[in-house]
Structures are given as C-alpha cells and as structure tokens.
Ligand code: FE
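Residue numbers (the working numbering): 62 to 372.
Below you can see the structure in the form of structure tokens.
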C-alpha cells in the first residue's frame, strides 16, 4: 500500500517536476549578441592583407582588448611580405596560427617559430623590436593576432614571450562532440596554455559539429566576444555567420552557442582595466606624455631589443 501511494505520488509529481525544470531552463539568462561587427579590410606590416575585426573605436567597449586581426589567404602576395622589424610597448600580443608557418625574431637575437595550431604569447611590456615573417612561399596562411592591454602598473615590465606548439595547447571534447582548445584562462575545469592576472583573459577556439550546443560561463565582470571563422552559429537564438564578430552582452554570466552548420569560432573574454587608453600605432599607454616618451625611447635606441624567452 505504501508502495502504491509512493508510486502514485511519484507519477503525479513527475509532470510537475518536468514543468518546473522546463521553466528553470527557459528562464536561464544567457549573454546575447549586442552587436554584429564586420571587420575592415586593410593591410599592415609590409603589405599583409588582413581583416581588422576589433578596431580602435571598440577598445573601450571591449576593454582590455585593443585589436583583433584575422588573416587568411592562399595567395602568397597577400602575406609574403610579412611584418619586418617594428616596435611594441605597453601591451601583449597573442598570435594564433591556424595554418601556416611564421618565424619571429627580436633584436636581441631571440627566435621563435609558429605553425599550424601554435600560439605565441608576447608581453611587450617596456618594449621589444621584432619581426614576424612567413616561412612559406605558397599555401594557406590563416590565423589571428589579438592585442591585450596591460595595466598601468605593468606596462613597463620586462618583455617576454613564449611559443606553444599545437600539442601544448590544452583541449577537451564535450559530450556533444564540441572540441575546445583552451589558449588562455580556464574552461570546464581545463586550465589553458596561459593564465594572466589583472585582465584574466579567456581565449577558446571552439569547434562545433552541426547541431551541437556549447555552454560556458564567462565571469559577469568580463567583456566578451566571439569571432566565427567557419560555418554559422546562433548565440542565445540569434545568428552569427562566418567572418562576423559578435559582441556579447554583459547582462548574464553564461554563453550558449548552437551550431547550425559545422562551425568554428574563437571566444574571447577579459576583465576590463578601466584605465585611460592612449594609442599611437604600436605603443599603447595611459597618457600622451608616455607616448612621447615611447617615441623618444624608440628613436634613441632605448628599446633594449629583446624579450626574455620563457620555456
Ligand atoms: Fe608585432
């Protein structure tokens, strides 16, 4: 009898529980696409064609990120000239090479090499002069360069960089078959190749099979965006197509992505610094005086040419 009552109670409770669960699921709030951005075609270095996805006018909205360039071409003339010697001061550069071969050299004689799936993280700090040159004369060169700002207190730190081969980038695969490469930060309990204080960047490369969903929390404090480089996804129900950046709203913690086709995207988030941003080309400081100082230091050979290489 007790068993009967128990079963009866369970049977009547079940629809209620399901309805409750559905309500909870329906009311979970996700970050939505606040704005879709189509990058601007431009060229940089000695004439490398690229798409500037994150431009100067978005630096405040997407603080601490200063720039995102996407490059991708199988036409050697689009990339062969590379980026000969140039300086940086005041921020970090993150180069993610999806496909291709690139050599990095700085004026202290340090060298690094980046190829298919590899990442170079460079903290320019008080200054480096370096070159980034393709080491291929044909084939596809595709990837991204992201600039992450440094807080005022660390802008003049000693420069360093580190190269990560593709197999050094931590990865995981979800039950839905979504492959996630964790370049920076932490996701689903996996710590990325790089973790940084202050800006706490999250940098994921997410590969979704058609029909798959991927959910990840991004701290409410962080600004976040995606850039779709293959296929198409929806974010909280709104479409983000290929070669589009979706700036994500700051009104929820979680991000929910659904792939309408096989899709690949990068998901990037970071804690804003909320400090003044004064940029002059490859120098990003807090005041105009510091920019004048950077120019003066560069012109007078005070950029000690080289970064410490971390292993
Ligand atoms: Fe550079």
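All C-beta atoms in this analysis are idealised placements derived from N, C-alpha and C, irrespective of residue type, glycine included.
Asked                                                                                                                                                                                 : Found
From the DSSP output, which residues share a beta bridge with residue 288?                                                                                                            : 306 and 327
On the premise that residue 345 lies in contact with residue 127, defined as a C-beta separation below 8 Å, what is that separation, rounded to the nearest angstrom?                 : 6 Å
Ignore the nearest five residues each way along the sequence and tell me which others in residue 261's own chain have a CB closer than 8 Å to its CB.                                 : 246, 280, 283, 331 and 332
Who are the near neighbours of residue 359 in its chain, counting only those whose CB is closer than 6 Å to its CB and skipping five residues on each side?                           : 148
Within 10 angstroms of the Cβ of residue 181, are there 16 or more other Cβ atoms? Answer buried if so, exposed if not.                                                               : buried
Is residue 273 helix, strand or coil when you go by DSSP?                                                                                                                             : coil
Helix, strand or coil, according to DSSP, for residue 99 in the structure here?                                                                                                       : strand
In whole angstroms, what separates the C-alpha of residue 85 from that of residue 326?                                                                                                : With a pLDDT of 49 at residue 85, under the threshold of 50, the modelled position of this residue cannot be trusted, and the question is left open.
Among 124, 198, 116 and 189, which residue has its Cα nearest to the Cα of residue 285?                                                                                               : 124
Look at residue 233 and residue 183 and say whether their C-beta atoms are less than 7 Å apart.                                                                                       : no
Give the residues whose C-beta lies closer than 6 Å to at least one heavy atom of ligand 1, in chain order.                                                                           : 144, 147, 149, 154, 191 and 193
Would you verify that the beta carbon of residue 357 is, or is not, closer than 7 Å to some beta carbon of chain D?                                                                   : Note that chain D does not occur in the displayed structure, where there is just one protein chain.
In whole angstroms, what separates the C-alpha of residue 162 from that of residue 226?                                                                                               : 12 Å
Tell me whether the region 309 to 323 and the region 339 to 356 touch, counting them as touching only if at least three CB pairs, one residue from each stretch, are closer than 8 Å. : no
Return helix, strand or coil for residue 85, following the three-state DSSP convention.                                                                                               : Residue placement at residue 85 cannot be trusted, given a pLDDT of 49 that sits under 50; what the coordinates show is reported in the next sentence. Here residue 85 sits in helix by DSSP.
Would the region 109 to 116 count as touching the region 127 to 145 if we require 3 or more Cβ pairs under 8 Å?                                                                       : yes
Any idea which residues DSSP pairs residue 370 with across the strands?                                                                                                               : 222
Under a Cβ-count criterion, where at least 16 other Cβ atoms within 10 Å of its own Cβ denotes burial, should residue 193 be classed as buried or exposed?                            : buried
By DSSP, does residue 359 sit in helix, in strand, or in coil?                                                                                                                        : helix
Thinking residue 141 and residue 220 are a contact (beta carbons under 8 Å), I'd like their distance in whole angstroms, please.                                                      : Between residue 220 and residue 141 the Cβ distance is about 27 Å, and since that is not below 8 Å, they are no contact.
Whole angstroms are fine: how far does the CA of residue 298 sit from the CA of residue 319?                                                                                          : 8 Å
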